[in-house]
Each structure stands twice: as C-alpha cells, then as structure tokens.
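Residue numbers (our numbering), protein chains in the order written: chain V, 54 to 279; chain L, 406 to 702.
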Amino acid sequence: MNKIAGIVKTHLADRWSWSILPWLILGISFCANLIIGGVSGDEIKTGGLASIYVYMFVLGIVSVGQTFPFLIGFGARRKDFFLGTTATILAIGVLSVILLLVLGWIESSTDYWGIGLQYFNVEYLTDGPLAERFWILFILMIHLFFSGFAIACIYRRFGRNGLYYFFGALGLILTCTFYLIGMNDKWKAVFDWFADVSVFELANGLFVATLLYVAFSYLMLRRATV
Amino acid sequence: MSGIVEVKGLSKHYGKVKAVDNVSFKLEEGKIYGLLGRNGAGKTTIMHMLTAQLFKTAGELKVFGEEPYENDRVLSRICFIKESQKYPQTFRIADVLNVSPQFFPNWDAEFARELAKDFQLPLKRKIMKLSRGMLSAVGIIVGLASRAPLTIFDEPYLGLDAVARKLFYDRLLNDYAEYPRTIVLSTHLIDEVSQLLEHVILIDGGRLILDEDAEALRGRASNVVGAASKVEFFLAGKQVIHREPFGGMASATIMGALTARDREQAAELGLEIAPVSLQQMIVHLTGGNRSGKEAAK
C-alpha cells in the first residue's frame, strides 16, 4: 500500500504534466474560441474540448517512459507501478470531469458566455442527465489515457520493433476490415448501426475496450525490463 | 551466518552473447562485498537480476530466501543504486528525497538532509541539470539513508572528486558500524575501496573467477623482484600470474601463499618479496592473460 501511495506521489510530484499543462492547453483553446466568437459575432459550436482529451492520450504515453524506469530502479513492483498509475489517472479523471461539468454549468447559465459559444457543452456528448454526462466525459478521458499507456507498455516490453509490428498488424487488420466492408456493400449498415447507438451505449462500449487495454498493458508490464 | 543472497548457476544470454554465464555465489549478512571486474564483465547484469529488473535465462536466484520477482518482501529490503538510474524529467533533488521514504521503510530523512549538506547539493535543482558528480552524490545519499538490509552500489562515485569520495567512504563506514547491513560495492576503482572490502567476488567475461575473503586474498599473491636467472629459479613449481623482465632483472607475481621455506630461499637468492595490492592482483587476473585466469581457479 505504501508503495502504491509512493507511485501516486511520484506521478503527482510532476504537477506541471498532470494538473497544469492540460488546463493551460484547454484554457488557451477556450480563449481563442472566446475571442473569435466575440469578434465575429457568430454563435460557435466548437470541438475545442478535444484538446484536453488529446492531451490525456499523450500523458498516457509519456507517464510510462518518465516514471517506470525510475520506480523499478527504486524497488517498486511492476504491479505497484500499474496500480499506482491507474489510481492516479482515476483521481485526476474524476477531478477533471467534475471541473469540466462545473464549467459547462457556468457556460449554460451565462447564456453561453453571452456570445453563444458552446465550448464545454458539446451536442450529442453532453445532452443527457448529469450522471450520464459525467460517465461519458470520464470514460472518454481514461479511454484515451489508457490507449496511450498501452502503446507505451508495448514499447517498454518489446522496444521499438514491438511498436513497428503492432502498428503494422493494426494497419493490416483495419485495411482488411474496411476492404471487406466495402466489398460486401456494408458501409451503410455500419453507419446506420452507429447512428442508432446512443452516446451512453457508446461510452459503455468504450469502458469495456478500456478494460481490455488495461489488462493488455498489465501483461506487457509484467515482463518489461529496465 | 545466514545467506542474504544465494545464486546458483545463474546465466543471462542475449542470443549467442553470454553476458552472465553459470555464476554461483552466496552473500552473507552484515558484510561488505566487492563485486569487481572490468567494464562489461557482467557485474551490472547480475545486480539487475538480483533486483528483478532483468530476467535470468537460467539458474537459481534467492534473495532473503525468496524469488525477488514482483516480491515486495524482498524488493523493499534492497536498495540498488545504479550508475544508470533514471529519474523523471521534472524531478528535483528534493523530489527524490521526498518520495524515497515510500520505497525504503528504514529511510532516515534527517540523515539524508545531513548528507545533502555534506555533499553540497542544491536541493531545488532539477536532476536533469546536475553534473555527473552531483548525480552520483544523489545516488549515494539514497543508498546510505535508505539503510536497506541489502544495499548495492554500482559504480557509485563516477564524477566525484577525491574529497567527495573520501566523504562517501567515511560516511559509509560510520553508518555501517552503527547500522550493520550487507553492502555490495561494484567498482573498478579497486585500490580506493580495497580497505573497506571484507569479501571479494571477481567476474570476468560473465564468469565468476574468484570468490574469497579479502584478508585471505591479500596474502595469496606476492611480487618477487631480483636478478632474472634467480627469479626464474625461484619460480619453479609455483603459479605465476604475471612476469615482467627489465634488463637483467625480472619481476613476477606469484599466486599462492609463500611458506617460511620459500622466504628463506628468496633471502638466500637476494630476491625481494612484496605484497601485491588487490588492484594489481585483479589486473593480472583479468588482464586477458590466460595463465592468470587459470591460476585463479
């Protein structure tokens, strides 16, 4: 338990990466939208919120390379590293999403910042009740984090060649899939299926995918060396 | 005496390269060991396997009686300070000292602060910005203040000046006297540490070539100097690990203790006998000269 706390502490000692940079990036993006919206007088619906999500993906990758060799060198178990990192992202994810929801609430109660700028409220994503909105934003965030984390774990386990093979195989699988869908004229069916799925169901699907990445990352880390 | 580390037939192969080849040894509680050998001999690989940072290819490995892999009971009793230890990019020295107690249960924060002052370390400075010597000093502080029952220093004083090295030896001995534990020093600055070592393990080309008490080892080799023909006569039937002629004189290093009879004979022949330093002995044993390696067995 002590070690897991130590790993969380090690991650969070890097305040810049975990709690300042994501909000700085989001803040800059928001200000840019605010200025453009104010000057142009148009009512903007923006996807600027994606910036913090993309950042979480990057953080997932970076967090492993930065801390794994250090912590293993200091006698932490691979399991501790894994649990500690997961605990850190869950805590950061919950706090971030609460903040995003509060900002969203401010946005809608100030009549969209007075200029009709929808930044923290995104159609389709944040249409449902509060708990659902929380779940969707949260799952999206940890899904992206663990996507990055899983990629970094492949690198830790198999090095650069591991990544070549992984992305090579992934590219091949996607190409074949797209080809088969096209050949059988199923694209319309695929789009129809996606249109029918609610965002909440989609989030649940992503949750299952995230669990798979988590399990996969752990298997990689178990045999990773420094 | 209980074994802290027991290694049997330990090997690590990378393809055809045998980084560590069938090594067996035992470390006992409360001793200072020297793990010696040339660069690339396999010392660091062995230490990485002891701490489960690398996986063995074959053999048996027990630390505190258990497998170290993913074993917190073992890992939290080891502090391994390696030359290549990585730190997160944003870490300052203060951050390292802040998180260390979480990983080393015996951590003494007061002692760590004192040592930081002794080594004149700027606590607010980022690890990335430290000189090689300061980086080594950070490792030394962690290694000493952690007071781990098994403390391993891998080339701990790269870049440190003579004053700082002396400080390290003094602090190490004082703290070792007060809090006995098992210490492994891996280095090629052999002369400097030879006084500290109680037991020597010598690795060469991935193989163990010497595992002996330091005191016994010191008496095991001697240097003979004198007229070349007389030296040759004296060497008959002895294990010679090194020979160096100069003019009509010769100097030779002999492995094996000399008897009183030998000494008498040397005196009669007008030969001078001097002890061999640990460093010299190890240079001869690992200097790529086969007779030396065979003599060690």
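From the three backbone atoms N, C-alpha and C, an ideal C-beta is built for every residue, glycine too. Remember, predicted model here, so these are calculated numbers, not experimental data.
Those residues of the region 110 to 135 of chain V placed with their C-beta closer than 7 Å to a C-beta in chain L are Gln119, Thr120, Pro122, Phe123, Ile125, Gly126, Phe127, Gly128, Ala129, Arg130, Arg131 and Lys132, ordered along the chain. With a cutoff of 8 Å on beta-carbon distance, Val605(L) and Leu432(L) are scored as not near each other. Straight across, the Cα-Cα distance linking Ala542(L) with Ile189(V) is about 48 Å. Across the set Ser161(V), Gly94(V) and Gly146(V), the C-alpha of Gly146(V) shows the shortest separation from the C-alpha of Phe198(V). Assignment of Gly181(V) by DSSP, reduced to helix, strand and coil, places it in the coil class. In terms of Cα proximity to Asp618(L), the closest of Asn628(L), Leu607(L) and Gly611(L) is Leu607(L). Put simply, of Tyr217(V), Phe202(V), Ser72(V) and Phe187(V) the residue whose alpha carbon is nearest the alpha carbon of Ile151(V) is Phe187(V).
Taking a 10 Å sphere around the C-beta of Thr163(V), we find fewer than 16 other C-beta atoms and assign the residue as exposed.
Taking 8 Å as the threshold, the shortest C-beta distance from Asn55(V) to chain L falls below it. Within the same chain, Gly201 come within 8 Å of Val111(V) by CB-CB distance, once the 5 residues on both sides are set aside.
In the assembly as shown, Ala242(V) is an exposed residue. Its beta-carbon has fewer than 16 other beta-carbons within 10 Å. With respect to chain V, the C-beta atom of Glu475(L) has a partner C-beta closer than 8 Å. Comparing C-alpha distances from Val422(L) to each of Arg612(L), Leu622(L) and Val630(L) shows the shortest one belongs to Arg612(L). Along the region 597 to 665 of chain L, the beta strand (DSSP E) occurs as fully enclosed runs of 3 or more residues at 604 to 609, 612 to 618, 626 to 632, 644 to 651 and 654 to 660, listed in sequence order.
Per DSSP, the unbroken alpha helix (DSSP H) holding Thr63(V) starts and ends at Asn55 to Ala66. Looking at the DSSP output, Ser416(L) shares a beta bridge with Ala463(L).
Boundaries of the beta strand (DSSP E) around Asp559(L): Leu555 to Asp559. Met654(L) and Ala672(L) have their alpha carbons spaced roughly 16 Å apart. By the neighbour-count definition (other C-beta atoms within 10 Å, threshold 16), Gln507(L) is a buried residue. Secondary structure of Gly90(V) (DSSP, three-state): helix. When the Cα atoms are used, Pro473(L) and Val428(L) turn out to be separated by approximately 17 Å.
Arg131(V) is positioned such that its CB atom lies no closer than 8 Å to that of Glu519(L). Contact between Leu674(L) and Gly631(L) is confirmed by a C-beta separation of about 6 Å, below the 8 Å threshold. Between Tyr165(V) and Gln171(V), the alpha-carbon positions lie close to 6 Å from each other. As the crow flies, the alpha-carbon of Lys461(L) is around 17 Å from that of Gly470(L). One finds Gly128 in chain V with Cβ atoms closer than 9 Å to the Cβ of Ile483(L), taken in chain order.
From the listed residues Asn579(L), Pro510(L) and Ala514(L), the smallest Cα separation to Gly128(V) is found for Pro510(L). Burial is judged here by how many other beta carbons sit within 10 angstroms of a residue's own beta carbon; Gly90(V) has at least 16 and is buried. Closest in alpha carbon position to His196(V), among Leu183(V), Thr139(V) and Thr278(V), is Thr139(V). Counting only Cβ-Cβ distances below 8 Å, Leu540(L) has no contacts in chain V at all, with the closest Cβ about 13 Å away. About 16 Å separates the Cβ atoms of Lys413(L) and Thr450(L), ruling out a contact at the 8 Å cut-off. Just so you know, the alpha carbons of Gln684(L) and Ala626(L) end up roughly 12 Å apart. For Ser505(L), the enclosing alpha helix (DSSP H) covers residues Ile498 to Phe508.
Looking at the DSSP output, Val468(L) bridges to Val410(L) and Glu471(L). Within the same chain, and ignoring the five residues on either side of Ile687(L) in sequence, the residues whose Cβ sits closer than 7 Å to its Cβ are Leu441, Ile595 and Leu607. For Phe524(L), the closest alpha carbon among the candidates Asn503(L), Asp513(L), Phe639(L) and Ile498(L) is that of Ile498(L).
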